[in-house]
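Novice: Mind looking over this structure? Questions follow.
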Amino acid sequence: MPQRVILDVDTGTDDAVALMVAALSPDLELVGATTVNGNTLVHFCTENTLRVFDYIGKQIPVFEGMSMPLSRPDFVRDVASAIHGDLLDLPPATSKKQPQHAVDWLIDTYMASDGDIILVPVGPLTNIAAAIRKEPRIVEKIPEIVIMGGAHEHGNCTPSAEFNIWADPEAARIVVNCGRPIRMIPLDATHRALIDHADCARFRELGSPAAIATAVVVERRISGYDATQPMHRLGAAPVHDALAVCAILDPSVVTTHFIHVDVEVRGELTDGRTVCDFKGRGKGKPNVHFATDADEPKFVRMLSDILGRTA
Ligand code: BDR
Ligand code: CA
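For the sequence shown, our numbering gives the first residue as 1212, with consecutive numbering after it.
Pasting the structure below:
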């Protein structure tokens, strides 16, 4: 039986690859996708998510969610970034979003489930925290939350904070402390699994819509990273959100440590920092399986195997 998953996304170039991996892997059943303010305004994230599914010929319901963070209305990215832009370079969507709000759909879906749907938030955690606030009983229905977010070594949005956590720290704090098993795939892991131009050329050769779309969006990421946050090798970029989905399919693609993690929400310089207690210096019990490394060749192999498939 494929593992059921829901992706919460702010699509977004790397979200796009994560969506395609989840939609095309024979070992996953993507129940639906919910969108949230993040990489760009939420209506662009919704359009981009629909574009991805249309392009690969998959009919997966898409529910639009929160348009701003829980308590920081100024943390809204209304300027296209070099890495994502507003709209993906894919044809406009012909499918429509679902009429129900993402938060209500998450609540209804989890409450009606057998507790077997892994939740995979790869954007700011606003929808998830809003759902937990509105219906706290959904927490016990979520078997595991696999989050792309956080950073221990260094941030990407500020020196301290990774973007998804920084963009709604209060929401992240609610989710990280919700009491369910959490796996966190932070920058410490995603920056060790880069995709380069040669990988993109191989994806194009595979010829499937998903592999071609991945080459298109990752090439855009590589230019953006080279220009604004070069990695340890030029001409290569992380595809953060896809690594989180791959970690569900094969946990050994990342190396994790079970530690206490909390989120800074009152820092003058450190808002949105994931504070990681690797050395047991605080009083908190381990609550997060926090990834510190990734197996780049395995990640690239997984992407090729899955994205080469057609719907
Ligand atoms: C995360 O932030 C977003 O820009 C990406 O889509 C990813 O989810 C990386 O910090
Ligand atoms: Ca994202």
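We treat Cβ as the ideally placed atom computed from N, Cα and C, and that holds for glycine.
(1) So the candidates are VAL1263, THR1245 and LEU1336; which of them puts its Cα closest to the Cα of ASP1316?
(2) Report yes or no: do three or more beta-carbon pairs, one from the stretch 1486–1505 and one from the stretch 1255–1272, lie closer than 8 Å?
(3) With a threshold of 7 Å (Cβ to nearest heavy atom), would ASP1221 be considered close to ligand 1?
(4) Quick check on ILE1329: does DSSP put it in helix, strand or coil?
(5) How many whole angstroms separate the CB atoms of LEU1514 and ALA1426, which I take to be in contact at a CB cut-off of 8 Å?
(6) Along the alpha helix (DSSP H) that carries THR1425, what are the first and last residues, could you check?
(7) How close, in whole Å, do the beta carbons of SER1306 and LEU1235 come, if the pair is a contact with beta carbons under 8 Å?
(8) Where GLN1440 and ILE1294 are concerned, what is the direct C-alpha to C-alpha distance, given to the nearest angstrom?
(9) Give me the Cα-Cα distance between ARG1432 and TRP1377, rounded to the nearest whole angstrom.
(10) Can the beta-carbon of VAL1333 be found less than 8 Å from the beta-carbon of ALA1229?
(11) Hey, which unbroken runs of the alpha helix (DSSP H) at 4 residues or more fall wholly within the stretch 1444–1513?
(12) Out of PRO1497, GLY1249, PRO1420 and PHE1469, which one is the CA nearest neighbour of VAL1220?
(13) How about the stretch 1409–1424 and the stretch 1373–1393: do they share at least three Cβ pairs that are nearer than 8 Å?
(14) Between the Cα of ASN1498 and the Cα atoms of ARG1477, ASP1473 and LYS1509, which residue gives the shortest distance?
(15) Tell me the DSSP secondary structure of ALA1382 in three-state form.
(16) Could you give the DSSP three-state label for PHE1274: helix, strand or coil?
(17) To the nearest whole angstrom, what separates the beta carbons of VAL1314 and LYS1352, a pair I think is in contact under 8 Å?
(18) Determine the burial state of HIS1443: buried for a count of at least 16 other Cβ atoms within 10 Å of its Cβ, exposed for fewer.
(19) Measuring straight from C-alpha to C-alpha, what distance separates ILE1318 and ILE1349?
(20) At the level of alpha carbons, what is the spacing between ILE1271 and GLY1366?
(21) Closest to ALA1340 by C-alpha separation, out of SER1282, THR1369, VAL1287 and PRO1303, would be which residue?
(22) By DSSP, does THR1246 sit in helix, in strand, or in coil?
(23) So, with DSSP's three-state summary, where would you put ARG1403?
(24) Pick out the complete alpha helix (DSSP H) segments inside the stretch 1314–1381, 4 residues or longer, and give them in chain order.
(25) Opposite ILE1393 in the DSSP bridges: which residues?
(26) Residues in its own chain within less than 6 Å of GLY1361 by CB, not counting five upstream and five downstream?
(27) Going by CA-CA distance only, name the one from LEU1405, PRO1420, SER1292 and GLU1364 that's closest to ALA1448.
(28) Look at the Cβ atom of PRO1335, then the Cβ atom of ALA1382, and state whether they are nearer than 8 Å.
(29) Looking at VAL1450: is its Cβ nearer than 8 Å to the Cβ of ASP1300?
(30) To the nearest whole angstrom, what separates the beta carbons of VAL1232 and ILE1517, a pair I think is in contact under 8 Å?
(31) Taking 7 Å as the cut-off, is the CB of HIS1451 close to at least one heavy atom of ligand 3?
(32) Could you please give me the residues that DSSP links to ARG1413 through a beta bridge?
(33) Does the Cβ-Cβ distance between VAL1456 and VAL1331 come in under 8 Å?
Specialist: This is what the structure holds:
(1) In the sequence as presented, Asp is not what sits at residue 1316; that position holds Trp. The shortest C-alpha separation from TRP1316 is found at THR1245.
(2) Three or more Cβ pairs closer than 8 Å define a contact, and the stretch 1486–1505 falls short of that threshold against the stretch 1255–1272.
(3) For ligand 1, at least one heavy atom lies less than 7 Å from the Cβ of ASP1221.
(4) Three-state DSSP puts ILE1329 in a strand.
(5) In fact, because the Cβ distance is near 11 Å, the residues do not count as touching under 8 Å.
(6) 1420–1439 is the span of the alpha helix (DSSP H), which, as asked, contains THR1425.
(7) Separation of the CB atoms of SER1306 and LEU1235 is rounded to 17 Å, and the pair is thereby denied contact status at 8 Å.
(8) Here the C-alpha atom of GLN1440 lies approximately 10 Å from the C-alpha atom of ILE1294.
(9) C-alpha separation (whole angstroms): 20 Å.
(10) Closer than 8 Å, so yes.
(11) You should have 1451–1460.
(12) Ranking the options by Cα distance to VAL1220, first place goes to GLY1249.
(13) No, they do not touch.
(14) Proximity to ASN1498 across ARG1477, ASP1473 and LYS1509 peaks at ASP1473, based on C-alpha coordinates.
(15) Correct three-state label for ALA1382: helix.
(16) Here PHE1274 sits in strand by DSSP.
(17) Actually they are not in contact, since the Cβ atoms of VAL1314 and LYS1352 sit about 15 Å apart, beyond 8 Å.
(18) The Cβ neighbour count for HIS1443, taken over all protein chains shown within 10 Å, is under 16; the residue is labelled exposed.
(19) If I take the Cα positions, the gap works out to 6 Å.
(20) Those two C-alpha atoms are separated by around 33 Å.
(21) When each option's Cα is compared against that of ALA1340, the closest is SER1282.
(22) Strand, per DSSP.
(23) ARG1403 falls in the coil class under three-state DSSP.
(24) For the stretch 1314–1381, the full-length alpha helix (DSSP H) segments reaching 4 residues or more read 1337–1345 and 1374–1377 along the chain.
(25) In the DSSP assignment, ILE1393 is bridged to ILE1356 and VAL1499.
(26) Spatial neighbours of GLY1361 in its own chain (CB-CB distance under 6 Å, excluding positions within 5 residues in sequence) are listed in chain order as GLU1373, ILE1376, MET1395, PRO1397 and THR1485.
(27) The shortest Cα separation from ALA1448 among LEU1405, PRO1420, SER1292 and GLU1364 belongs to LEU1405.
(28) Yes.
(29) Cβ atoms of VAL1450 and ASP1300: not closer than 8 Å.
(30) Confirmed, about 5 Å.
(31) Questions concerning ligand 3 fall outside what the structure shown contains, since the ligands it does hold are ligand 1 and ligand 2.
(32) Residue pairing for ARG1413: DSSP places it in no beta bridge.
(33) For VAL1456 and VAL1331, yes; Cβs fall inside 8 Å.
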